[in-house]
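Encoded as structure tokens, the structure appears first; notes follow it.
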Amino acid sequence: MTESLDGVWAEDLAHYRAEFTRFMMPYQFGIAEMMTKVNILKDEFTHIHHYSPIEHVASRLKSPESLLQKAYRKNCPITFDDLAKQIVDIAGVRITCSFIKDTYRIADMLTGQNDITVTEVRDYIAAPKPNGYKSLHILAEIPVFMSDRVQQVPVELQIRTIAMDFWASLEHKIYYKYGGNIPPSLLEELTEAAEAANKLDVKMERLHEEFAAAKAESDFADGQLLLPMPIELLESLARRR
Ligand code: 0O2
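Position 9, counted from 1, in the sequence shown is what this note's numbering calls 12; the numbers after and before it change by one each time, with no gaps.
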């Protein structure tokens with residue numbers, strides 16, 4: 004046995020390294036399951052409807068460092084049970100949509116699937132954080148089928164528009180650069196930028212709706228919405244009137 008500096012045996016450290024990897028594994032599988040669901044929706048929209056409300060999808064497994072920092076921040080004891088109960092965003096999937104309406108539409112499509120259990124919804128789009136952060140957060144459990152058991156794994160879905168995502172990515176970098184203490188002048192500018200991002204979202208959605216209405220009218224006029232069908236079918240239908 005080899006004792007380390009603070010009285011922990013090296014063999015124990017090796018054991019817990021393996022246990023920690025085992026602890027994280029179902030979260031990685033949970034991400035894979037959720038990504039499959041999101042990618043199916045994305046592909047279906049692209050191929051069948053020729054338009055996808057999902058612009059981009061990304062996932063991340065919380066790093067051990069970030070997990071530890073969050074546990075300290077939340078006064079969460081460092082045990083596997085406590086981490087599993089209190090740190091609910093170990094698995095994260097972020098969906099970026101074109102328009103605000105699409106964020107809710109995608110959320111409904113995913114949460115309506117009967118193997119998904121929603122445990123919490125935080126709607127920071129309807130009620131943004133004081134710094135201007137906007138995003139729809141849904142904590143959902145998804146079943147993961149393993150060799151000897153089925154585990155319900157929590158995955159945090161963050162659904163937001165491109166403009167909200169642009170803002171949040173920059174704010175995240177600035178937040179970490181200043182260790183959480185952003186200078187007031189920069190904070191003010193970030194708040195202004197969040198308002199500008201929101202105005203852009205509202206304007207783009209209105210333009211899109213106008214365009215969609217005009218397109219639907221011209222598609223109908225061009226006959227694009229009419230299915231090709233045999234003349235006998237139309238004649239039979241007409242005779243039965
Ligand atoms: P990272 O680096 O993304 O993993 P709670 O203590 O439960 O109230 P918690 O768990 O932070 O708060 O939940 P919340 O507020 O729903 O935030 C979860 C995640 O949303 C964060 O994870 C961020 O990814 C993102 N987020 C929340 N607020 C902000 C914000 O003001 N700005 C930006 N850019 N992102 C935000 P982590 O673990 O903090 O960070």
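Note that beta-carbon positions come from the ideal geometry of N, C-alpha and C, so glycine has one too.
Since this is a predicted model, take the numbers as computed values, not measurements.
*State the start and end residues of the unbroken alpha helix (DSSP H) segment that holds Thr39.*
13-47
*asked:* Any heavy atom of the ligand 0O2 inside 7 Å of the beta-carbon of Glu174?
replied: Yes, the beta carbon of Glu174 sits closer than 7 Å to at least one heavy atom of the ligand 0O2.
*Going along the chain, which residues of its own chain have a beta-carbon closer than 6 Å to the beta-carbon of Val11, five neighbours each way excluded?*
No residues qualify anywhere along the chain.
*Quick one: complete alpha helix (DSSP H) runs, 4+ long, within the stretch 164-203?*
165-180
*asked:* Beta-carbon within less than 8 Å of Phe169's beta-carbon, same chain only, minus the 5 sequence neighbours each way: which residues are those?
replied: Ala200
_Sequence-distant residues of its chain with Cβ nearer than 7 Å to Tyr54 (five each side left out)_ = Annotation for Tyr54: Phe48 place their beta carbon closer than 7 Å to its own, counting only its chain and skipping 5 residues before and after.
_Can you list, in chain order, the residues of its chain with a C-beta nearer than 8 Å to that of Tyr127? Leave out the 5 residues immediately preceding and following it._
Tyr136, Lys137, Ser138, Leu139, His140
*asked:* Applying the 10 Å Cβ sphere with the 16-neighbour rule, what's the burial state of Ser101?
replied: By the neighbour-count definition (other C-beta atoms within 10 Å, threshold 16), Ser101 is a buried residue.
*Is any heavy atom in the ligand 0O2 found nearer than 7 Å to the beta carbon of Asp92?*
yes
*For Ala94, does the three-state DSSP call read helix, strand or coil?*
strand
*What number of angstroms, rounded off, separates the C-alpha of Tyr181 from the C-alpha of Glu191?*
Between Tyr181 and Glu191, the C-alpha separation is close to 15 Å.
*Return yes when at least one heavy atom of the ligand 0O2 lies under 7 Å from the C-beta of Ala87, else no.*
no
*asked:* Any contact between the stretch 74-94 and the stretch 25-34? By contact I mean 3 or more CB pairs, one from each, below 8 Å.
replied: yes
_Check whether the stretch 60-72 and the stretch 109-124 touch, using three or more Cβ-Cβ pairs below 8 Å as the test._
no
*What is the residue span of the beta strand (DSSP E) that Ser62 lies within?*
57-64
*In angstroms, rounded to a whole number, what distance separates the CA positions of Asp105 and Ile162?*
9 Å
*Does the ligand 0O2 have even one heavy atom less than 7 Å from the beta-carbon of Ser69?*
yes
*Is the closest heavy atom of the ligand 0O2 to the C-beta of His59 under 7 Å?*
His59 has its Cβ no nearer than 7 Å to any heavy atom of the ligand 0O2.
*Closest by CA to Pro157, which one among Ile165, Ala143, Thr164?*
Ala143
*If I'm right that Leu160 touches Ile98 with Cβ under 8 Å, what's the distance once you round it to whole angstroms?*
Going by Cβ atoms, the distance from Leu160 to Ile98 rounds to 7 Å, so yes, they are a contact pair.
_Inter-residue spacing [alpha-carbon to alpha-carbon] between Ile185 and Asn134_ = Rounded to whole angstroms, Ile185 to Asn134 spans 11 Å at the Cα level.
*Is Arg125 near the ligand 0O2, with its Cβ less than 7 Å from a heavy atom?*
Yes, Cβ of Arg125 sits closer than 7 Å to a heavy atom of the ligand 0O2.
*Just to check, is the beta-carbon of Gln155 closer than 7 Å to a non-hydrogen atom of the ligand 0O2?*
Checking the Cβ of Gln155 against the ligand 0O2 gives no.
_Closest by C-alpha distance to Asp84, when choosing among Ala17, Phe23, Lys206, Met37_ = Phe23
*Give, in chain order, every unbroken run of the alpha helix (DSSP H) that is at least 4 residues long and sits entirely within the stretch 114-161.*
none
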